[in-house]
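Protein sequence lines, in the order shown, are assigned to chains A and B. According to my numbering, the first sequence holds residues 48 to 160 in order. According to my numbering, the second sequence holds residues 10 to 119 in order. Beneath this line is the structure, given in structure tokens, with notes to follow.
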Amino acid sequence: GAVVSQHPSWVICKSGTSVKIECRSLDFQATTMFWYRQFPKQSLMLMATSNEGSKATYEQGVEKDKFLINHASLTLSTLTVTSAHPEDSSFYICSGGATNEQFFGPGTRLTVL
Amino acid sequence: DAKTTQPPSMDCAEGRAANLPCNHSTISGNEYVYWYRQIHSQGPQYIIHGLKNNETNEMASLIITEDRKSSTLILPHATLRDTAVYYCIVLNTGGFKTIFGAGTRLFVKA
């Protein structure tokens, strides 16, 4: 199947700093990518839909000014957590669709101290 | 909200078949049934999907009832590595916008 990578796989940062997470589709082009957040022992929560060349569509309750999403090419989407706080500590997962399947990245674990 | 209902957890003996049920009574005609699983601290992994016919691949079988209101994922010979959370999702492949429910936590025991 197709491969989606994320970088970094884990990151620790100080409160108030910004963190950028990259999501790449390695062997397919993804017009649309999705960003999820997952807290311990909970399911994945969809944060936003990232569309190549246009603004992202955010789910209700997700702050668009805090979670900046850029989808500049068909193979790269980025999520920037701005002014991160400890409550933003979570597992962030991206995905991209191809043919009849959606492929998920391995996730990025963010810890904000 | 998720459109599926799954039991929160199930146990299975190693080597035996694991049968994971899913109810999706409000599924519409153009929606597929997808199954993913998530092993601890990893991204979800695609398992199988179907529209109305039963499907089988190297990982699992998917049995969909004739009225399409429920389905069962079958892992024919469960191993310890199959311990994971299994998500049943209904999805219109035109958009791929996937909403996850709580899933079923499968424990495969030796």
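Backbone N, C-alpha and C fix where the C-beta goes; we use that ideal spot for every residue, glycine too. From a predicted model like this one, the values you see are computed outputs, not experimental measurements.
- A buried status is given to residue 135 of chain A, since no fewer than 16 other beta-carbon atoms sit within 10 Å of its beta-carbon.
- Taking 8 Å as the cut-off, the Cβ atoms of residue 28 of chain B and residue 79 of chain B do not count as close.
- Contact annotation, residue 48 of chain B with residue 82 of chain B: C-beta distance approximately 15 Å; criterion of less than 8 Å not satisfied.
- With respect to the C-alpha of residue 64 of chain A, the residue from A:99, A:152, A:53 and A:127 having the closest C-alpha is A:127.
- For residue 78 of chain B, there is no enclosing beta strand (DSSP E), as DSSP gives it neither H nor E.
- Within the same chain, and ignoring the five residues on either side of residue 156 of chain A in sequence, the residues whose Cβ sits closer than 6 Å to its Cβ are 57 and 138.
- Taking residue 36 of chain B as the centre and dropping the five residues before and after it, the same chain places the C-beta of 77 and 99 closer than 6 Å to its C-beta, in chain order.
- Contact annotation for residue 22 of chain B against chain A: no contact, minimum CB-CB distance about 25 Å [criterion: below 8 Å].
- DSSP places residue 135 of chain A within a helical segment (H, G or I) once states are collapsed to three.
- Here residue 52 of chain A is exposed, its C-beta having fewer than 16 other C-beta atoms within 10 Å.
- Annotation: Cβ neighbours of residue 152 of chain A in chain B (cutoff 8 Å, chain order): 52.
- The stretch 75–82 of chain A makes contact with the stretch 103–116 of chain B, as at least three CB pairs between them are under 8 Å.
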